[in-house]
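If you want it as structure tokens, here you go:
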């Protein structure tokens with residue numbers, strides 16, 4: 462009866478058509494014959510057999526036959542009901558279930574077919590899931606490559622634009638540190654006395670910030686000297702130098718790449734982490750090598766730029782001679798003056814209150830004022846007299862064959878020409894127009910070297926500033 466109740470409960474999940482047909486079949490096989498037997502038994506059973514006991518036997522046999530019929534119907538229909546329920550589950554995405562096959566008839570074959578279809582769908586779903594995970598990994602790798610290319614392009618643009626070397630190096634090491642989570646990156650450069658000095662530390666403890674290593678000693682010093690890379694992970698052989706490095710930096714894995722250009726070692730860049738049983742991919746090593754080359758290019762470019770600046774004789778802003786040229790030229794003029802026993806004077810000018818002028822009118826206006834004053838001074842001296850910008854807001858003039866009195870007169874004229882030029886100071890500036898103050902020195906009265914004349918003229922300039930500015934002191 463419990464099985465029958467369970468079977469009837471399952472019937473509630475079966476489509477109405479099959480449920481209706483099953484009820485009709487059950488009625489035809491059991492209920493209707495039972496009713497007929499009950500109806501006919503009083504008419505056809507002899508009186509001598511019409512005892513309660515006999516009638517009970519007949520009814521019992523009839524009920525047993527009806528139940529047997531119902532069992533046969535249940536055995537036929539129950540697998541179909543199970544398949545219908547499982548099919549609904551499969552349609553809703555449950556591919557983990559399977560149909561129990563109890564017979565080898567057509568219903569059993571149908572169950573086996575559904576199980577086979579379910580297994581194939583499950584395998585296809587697992588394969589699709591595997592493809593999805595692989596696609597996700599590929600997308601992560603693609604995004605990583607795009608980020609790397611973007612970083613390389615950014616660094617390349619900074620190098621081509623002549624950005625400060627410190628800014629470029631900070632960005633490169635920052636990009637290297639972003640290649641993986643919980644990673645570190647550092648850069649050590651060769652400085653005075655062939656010593657490796659920690660330049661940038663990203664992700665390491667503060668103890669390494671003041672680290673100094675002699676080139677040729679220890680793991681880092683040897684790698685820089687030999688120009689060789691080193692990969693330290695679970696595969697590497699832990700030599701004494703390696704163990705010492707890992708202990709010193711308190712890390713477990715590291716890729717070390719020397720920064721080399723034209724056979725010269727500029728430093729070393731490192732990237733790694735402290736993960737257990739870690740192994741660097743070949744792409745990681747090649748990437749660090751690529752960043753190392755970019756660092757070498759940036760450093761070499763900076764050296765060439767500085768060398769070009771040293772060789773240059775003109776100031777970029779004003780087009781006047783620069784300080785290096787004017788100092789060399791002053792030494793030559795002093796030697797010539799001594800040789801021929803002729804005077805040589807030196808003037809230094811400084812723009813009055815340029816800092817205040819910059820605050821009032823802005824940086825662009827201040828630079829334009831520097832250029833205008835430089836051109837004004839240059840246009841009011843002779844061809845043999847040299848004008849230079851000493852940097853910032855100062856100018857210098859070499860006056861061959863001029864004594865201090867003559868030089869003082871020329872300085873006064875130049876001061877007046879600047880004021881007459883009429884560069885408005887703006888609201889808040891202490892004078893109507895921008896002015897200059899100046900100092901004068903002469904060889905041999907004030908000194909016999911370029912440094913002597915510069916010091917004397919600078920001292921006179923300071924005195925002119927203290928006297929209220931827009932003044933010349935000799």
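Residue numbers (this note's numbering): 462 to 935. Ideal Cβ placement from N, Cα and C applies to all residues, glycine included.
| Item | Value |
| --- | --- |
| Integer Cβ distance of residue 936 from residue 657, believed to fall under 8 Å | Because the chain is modelled from 462 through 935, residue 936 falls outside the range shown and cannot be assessed. |
| Separation of residue 850 from residue 737, as counted between CA atoms | 60 Å |
| Element boundaries [beta strand (DSSP E), containing residue 874] | Taken as a continuous stretch (DSSP letters only), residue 874 belongs to no beta strand (DSSP E), being part of the alpha helix (DSSP H) at 865-882. |
| Pair within 8 Å by beta-carbon distance, residue 859 and residue 794 | yes |
| Residue 654 classed as buried or exposed, judged by whether at least 16 other C-beta atoms fall within 10 angstroms | exposed |
| Three-state secondary structure assigned by DSSP to residue 469 | The pLDDT assigned to residue 469 is 49, lower than 50, so where the model puts this residue is not dependable; a value taken from the coordinates is nonetheless given after this. The answer is helix: DSSP assigns residue 469 an H, G or I state. |
| Alpha-carbon to alpha-carbon, residue 675 and residue 434 | Nothing about residue 434 can be reported from this structure: the residues present for the chain run from 462 to 935 only. |
| Cβ pair residue 680, residue 703 closer than 8 Å | yes |
| 8 Å Cβ cutoff met for residue 899 and residue 876 | yes |
| Contact set for residue 686: own chain, Cβ-Cβ below 7 Å, skip 5 residues either direction | 676, 677, 726 |
| Where residue 474 falls: helix, strand or coil (DSSP) | With a pLDDT of 44 at residue 474, under the threshold of 50, the modelled position of this residue cannot be trusted; read the value that follows with caution. Three-state DSSP puts residue 474 in coil, outside helix and strand. |
| Terminal residues of the alpha helix (DSSP H) in which residue 769 lies | 743-772 |
| Extent of the continuous alpha helix (DSSP H) run through residue 663 | Not the alpha helix (DSSP H): residue 663 falls in the beta strand (DSSP E), residues 656-663. |
| Environment of residue 477 [buried if 16+ CB atoms lie within 10 Å] | Because residue 477 sits at a pLDDT of 47, beneath the cut-off of 50, its placement in the model cannot be relied upon, and the following sentence gives the value as read from the coordinates. Per the 10 Å Cβ criterion, exposed. |
| Nearest candidate by alpha-carbon position, reference residue 644, set 819, 559, 710, 832 | 710 |
| Chain-order list of residues whose beta-carbon lies under 8 Å from that of residue 826 (same chain, five-residue window excluded) | 818, 819 |
| Given residue 651 as reference, the closest of 552, 584, 757 once Cα atoms are compared | 757 |
| Residue 720 vs residue 749 beta-carbon contact at 8 Å | no |
| Continuous alpha helix (DSSP H) stretch holding residue 835: start and end | 824-839 |
| For residue 649, the three-state DSSP class (helix, strand or coil) | strand |
| Residues bridged to residue 891 [DSSP beta-bridge criterion] | DSSP output for residue 891 lists no bridge partner at all. |
| Stretch pair the segment 796-810 + the segment 764-772: three plus CB contacts closer than 8 Å | no |
| Residue 659 versus residue 618: straight-line alpha-carbon distance, rounded | 25 Å |
| Identity of the residue in 548, 790, 815, 814 nearest residue 805 by Cα | 790 |
| Distance CB(residue 634)-CB(residue 762) smaller than 8 Å | no |
| Touch test, the segment 917-926 against the segment 870-887, Cβ-Cβ under 8 Å, three pairs minimum | no |
| Cβ neighbour criterion (16 or more within 10 Å) applied to residue 469 | Unreliable placement is indicated for residue 469, whose pLDDT of 49 sits below 50; no coordinate value is reported for it. |
| Close beta carbons around residue 629, own chain, < 6 Å, minus the five adjacent residues each side | 619, 759 |
| Where the alpha helix (DSSP H) through residue 692 begins and ends | It is not in any alpha helix (DSSP H) - residue 692 instead sits in the beta strand (DSSP E) that spans 691-693. |
| Cutoff 6 Å; reference residue 896; Cβ partners in own chain excluding five residues on either side | 813, 880, 931 |
| Residue 846, DSSP secondary structure in three states | coil |
| Whole-Å CB distance - residue 646 paired with residue 632, under 8 Å assumed | With 8 Å as the limit, residue 646 and residue 632 do not qualify as a contact, their Cβ atoms being about 12 Å apart. |
| Helix, strand or coil at residue 593 according to DSSP, with G and I counted as helix | helix |
| Nearest neighbour of residue 551, chosen from 581, 663, 528 [CA to CA] | 581 |
| Three-state class that DSSP yields for residue 932 in the structure shown | coil |
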